Amino acid sequence: MTEFYTATDLEQAGYVRYRLTELFGEPDTTTNEDRWSRETVEAVEHEVLAPAARVIFAAFEPQLDTRAGMIAADLRVGWPQMEQMLARVTVRESGNGRNP
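With the numbering used here applied, the sequence shown covers 330 to 429.
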């Protein structure tokens, strides 16, 4: 298991590259690509992003048809990315594994 997430890894997970430092702090630059420790990324997802996503989803729950339409239209509003992040956190919390 890798000890770090690279900027490319995080971008592939749905994060916006130019916001990574804002989210996860200053990167480790000892390699040819910016990277953040697994511990840092998972802590931010668990302690900040997942709780916020849960509140947002609850706030917009009555609008599921609108949300589904935005996802189907491939509008980049963050819903699918938040759902993927929330799923990763939920898996970690359940003790069933760790995934990027």
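Backbone N, C-alpha and C fix where the C-beta goes; we use that ideal spot for every residue, glycine too.
In this text, all values refer to a predicted model and were calculated from it rather than measured experimentally.
How is Y344 classed by DSSP in three states: helix, strand or coil? To locate residue 344, count along the sequence shown from 1; it is residue 15. DSSP places Y344 in coil when its eight states are reduced to three.
How is P429 classed by DSSP in three states: helix, strand or coil? Locating residue 429 in the sequence shown gives position 100, where the first residue counts as 1. Any reading at P429 needs caution, since the residue's pLDDT is 47, under 50, leaving its predicted position unreliable; the model's value is listed next. Of the three classes helix, strand and coil, the one that applies to P429 here is coil, per DSSP.
Contact check, A336 vs L349, beta carbons under 8 Å: Locating residue 336 in the sequence shown gives position 7, counting from the first residue. Locating residue 349 in the sequence shown gives position 20, counting from the first residue. The answer is yes: Cβ separation under 8 Å.
May I ask you to list the residues that DSSP assigns as paired with R364? In the sequence shown, counting from the first residue as 1, residue 364 sits at position 35. In DSSP, R364 forms a bridge with T335, D357.
Tell me whether the beta-carbon of D345 lies closer than 8 Å to the beta-carbon of A379. For the purposes of this step, residue 345 is identified with residue 16 of the sequence shown, where counting begins at 1. For the purposes of this step, residue 379 is identified with residue 50 of the sequence shown, where counting begins at 1. The sequence as given places Val at residue 345; Asp does not occur at that position. No. Outside cutoff.
Which residue from E340, R364, W365 puts its Cα closest to that of M414? Sequence index remark: in the sequence shown, residue 414 carries index 85 (1-based). The option with the nearest alpha carbon to M414 is E340.
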